[in-house]
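Novice:
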Amino acid sequence: MTRCALVWSSDLARYRFRPGHPLDPRRLELTWSLLQAMGLAGDDRRPVIAPRDATEAELLTVHEAEYIEAVRTVSRDPLTPVDRRFGLGTEDVPVVAGMHEMARAVVGSTLTAAEIVASGRATRTLALAGGLHHAHAGSASGFCVYNDLAVAIRWLQREHGLRVLYIDYDAHHGDGVQSIFYNDPDVFTFSIHESGLYLFPASGFVDEVGEGDGHGHSANIPLEPETEDESFLGAFDAVVPELAEAFRPDILVVQTGCDAHALDPLTHLRCTTGLFEQLARRVVQIAERHCDGRIVATGGGGYAIHEVVPRAWTLAWAALCGDEAPDPIPREWLDAVLAEAPGELASTLRDPPSAIPPSPQRHQVERANDLTVRTLKRRLMPLITGWGLGF
Ligand SMILES: [Zn+2]
1 MTRCALVWSS DLARYRFRPG HPLDPRRLEL TWSLLQAMGL AGDDRRPVIA PRDATEAELL
61 TVHEAEYIEA VRTVSRDPLT PVDRRFGLGT EDVPVVAGMH EMARAVVGST LTAAEIVASG
121 RATRTLALAG GLHHAHAGSA SGFCVYNDLA VAIRWLQREH GLRVLYIDYD AHHGDGVQSI
181 FYNDPDVFTF SIHESGLYLF PASGFVDEVG EGDGHGHSAN IPLEPETEDE SFLGAFDAVV
241 PELAEAFRPD ILVVQTGCDA HALDPLTHLR CTTGLFEQLA RRVVQIAERH CDGRIVATGG
301 GGYAIHEVVP RAWTLAWAAL CGDEAPDPIP REWLDAVLAE APGELASTLR DPPSAIPPSP
361 QRHQVERAND LTVRTLKRRL MPLITGWGLG F
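Under our numbering, think of the first position of the sequence shown as 1, with each following residue one higher.
#1: From the DSSP output, in three-state form, read off Glu-242 for me.
#2: Note down, in chain order, each residue of its chain lying with its Cβ closer than 8 Å to the Cβ of Gly-388, except the 5 sequence neighbours on either side.
#3: Compute the distance between the beta-carbons of Ile-251 and Val-296, then report whether it is under 8 Å.
#4: Which runs of the alpha helix (DSSP H), 4 residues or longer, sit entirely within the region 349 to 387?
#5: I'd like to know whether the C-beta atoms of Ala-105 and Asp-24 end up nearer to each other than 8 Å.
#6: Ser-218 bridges to which residues according to DSSP?
#7: Say the cut is 7 Å; is the CB of Gly-300 nearer than that to a heavy atom of ligand 1?
#8: Do Leu-111 and Ala-56 have their beta-carbon atoms positioned less than 8 Å apart in this structure?
#9: Could you check what DSSP says for Ile-68 in three-state terms: helix, strand or coil?
#10: Start and end of the alpha helix (DSSP H) containing Ala-325?
#11: Which full runs of the beta strand (DSSP E) of 3+ residues lie inside the region 240 to 293, going along the chain?
#12: Determine, using beta-carbon pairs with one atom in the region 232 to 246 and one in the region 142 to 162, whether at least three such pairs fall under 8 Å.
#13: If you scan the region 25 to 100 from start to end, which runs of the beta strand (DSSP E) of 3 or more residues do you find wholly inside it?
#14: Around the C-beta of Pro-51, are 16 or more other C-beta atoms found within 10 angstroms, so that it is buried, or is it exposed?
#15: Mapping DSSP to helix, strand and coil, what is Gly-390?
#16: I'd like the list of long-range same chain contacts for Ala-103, defined as Cβ closer than 6 Å, with 5 residues on each side in sequence excluded.
#17: Mark Glu-344 as exposed unless 16 or more other C-beta atoms lie within 10 angstroms of its C-beta, in which case mark it buried.
#18: Using 7 Å as the cut-off, classify the Cβ of Ala-280 as near or not near the heavy atoms of ligand 1, replying yes or no.
#19: Which residue marks the beginning of the alpha helix (DSSP H) containing Ala-127, and which one marks its end?
#20: Exposed or buried, what is His-363 when buried is set at 16 or more other beta-carbons lying within 10 Å of its beta-carbon?
#21: With C-beta atoms as the reference, is Leu-376 less than 8 Å away from Val-206?
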């Protein structure tokens, strides 16, 4: 029996900057409430596990001591001046009292997910509050203070000697995780996202393939704005299975941000909630083939908090568990959420075809994405065939 554990505690919703900030933890609470309303978590096969906190030593495996000290200082007194190089006190990462503790708790939740899988207590886990992929070793960025994904990957490496394939399908490039492991041949970082020509953090291009010993161990697919499900999945399928075949990971760490959706207010892709179910299924297939099914998944971006996030992550969670989620959303849940939502809500998990009309630029977008994939494969193939396998 495949056990799939959800790492969650309402304490994690304390990761909150200020009212009106896009990273509103309400999106996590709504996801959790929809999972409960649909009866998709909390049984023997799909237990809900409360996280432990991360230790200082664990943060130090990825983050610079000076940076942690700066976070701790402003966390105690938000009025303390802090060096701009730490990326704190910006519009994206405002300084708030208690931010060290709130960010450390998120790291603890992803570490808990990693421990559960490494110990065999579950085959797959989802740390719903995790996925803060923009945090760098020495600075905050893009709503992210500490990089929970990187700390968990480091822990899997050091404590269990595992080779990690990191898969990131958030609409934004997973720049923090990539930079932390850019020289490391035992972690392959893959990110598929809206091109950095149009979106923060303006990186994640096909020529970013790793450096030093890590040369050939990073890959990026920058997609065109207006990309739809089919082209997104086509690009993923053209690269990731073969990459996994060549790298032969022991475990997957997956950032499942759902801001590629057409209704997401921060991005310009044109995908449906069904994309996140399809991607999770693909990740499960890759894990079954190479890693005895082992996956540590996290949440990530997703800013249409009522209309999209709960539906997208409910589909992703069910697919991770190997379940087929029923489509209709319980009426009581919809009524409760409608009371606080700014507009209409879909009544099914999967968007009906009429919900997202095709882009007028569909063919140009598909052609451009195909060309990007071909360019990436041309760039990466000689490096990966150096391992004796390859595309
Ligand atoms: Zn994002």
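A virtual CB, placed ideally from N, CA and C, is assigned to each residue, including glycine.
Model, not experiment: these values are computed from the prediction.
Specialist: For this structure:
#1: The sequence position of residue 242 within the sequence shown is 242, counting from 1. In the structure shown, Glu-242 sits in a helix (DSSP, three-state: H, G or I).
#2: If you number the sequence shown from 1, residue 388 lands on position 388. Residue confidence for Gly-388 is low, a pLDDT of 49 falling below 50, so the modelled location carries little weight; the figure read from the coordinates is stated next. Nothing meets the Cβ criterion.
#3: Residue 251 sits at position 251 when you count from the first residue of the sequence shown. Residue 296 sits at position 296 when you count from the first residue of the sequence shown. For the 8 Å CB-CB criterion, Ile-251 and Val-296 form a contact.
#4: Counting only runs of 4 or more, we get 362 to 385.
#5: Here residue 105 refers to the residue found at position 105 when the sequence shown is read from its first residue. Here residue 24 refers to the residue found at position 24 when the sequence shown is read from its first residue. Contact flag unset, no.
#6: For the purposes of this step, residue 218 is taken as residue 218 along the sequence shown, with counting starting at 1. DSSP, once it has assigned bridges, lists Thr-189 as partnering Ser-218.
#7: Locating residue 300 in the sequence shown gives position 300, counting from the first residue. Taking 7 Å as the cut-off, the C-beta of Gly-300 counts as close to a heavy atom of ligand 1.
#8: On the sequence shown, position 56 is the one that residue 56 refers to. On the sequence shown, position 111 is the one that residue 111 refers to. A small fix is needed here, since residue 56 is Glu in this sequence, not Ala. When the beta-carbon positions are compared, Glu-56 and Leu-111 stay at least 8 Å from each other.
#9: Here residue 68 refers to the residue found at position 68 when the sequence shown is read from its first residue. In the structure shown, Ile-68 adopts helical secondary structure according to DSSP, grouped into three states.
#10: Position 325 of the sequence shown, counted from the first residue, corresponds to residue 325. Unbroken run through Ala-325: none, as it is neither H nor E.
#11: Counting only runs of at least 3 residues, the region 240 to 293 fully encloses the following beta strand (DSSP E) elements, listed from N- to C-terminal order: 251 to 255.
#12: Between the region 232 to 246 and the region 142 to 162 there are fewer than three C-beta pairs closer than 8 Å, too few to call the two in contact.
#13: For the region 25 to 100, not a single whole beta strand (DSSP E) run of length 3 or above is found.
#14: On the sequence shown, position 51 is the one that residue 51 refers to. So Pro-51 counts as buried.
#15: If you number the sequence shown from 1, residue 390 lands on position 390. With a pLDDT of 42 at Gly-390, under the threshold of 50, the predicted position of this residue should be treated as unreliable, though the coordinate-derived value follows. Reduced to three states, the DSSP call for Gly-390 is coil.
#16: As a first step, residue 103 is located in the sequence shown; it is residue number 103 there, counting from the start. The answer, listed in chain order, is Val-145, Tyr-146.
#17: In the sequence shown, residue 344 corresponds to position 344, counting from 1. Exposed: under 16 other Cβ atoms inside 10 Å.
#18: In the sequence shown, residue 280 corresponds to position 280, counting from 1. Result no, Cβ not under 7 Å from ligand 1.
#19: Position 127 of the sequence shown, counted from the first residue, corresponds to residue 127. Per DSSP, Ala-127 is not a residue of any alpha helix (DSSP H); the beta strand (DSSP E) it occupies stretches across 124 to 127.
#20: Here residue 363 corresponds to residue number 363 of the sequence shown, with the count starting at 1. Burial call: exposed.
#21: Walking along the sequence shown from the start, residue 376 turns up at place 376. Walking along the sequence shown from the start, residue 206 turns up at place 206. Closer than 8 Å, so yes.
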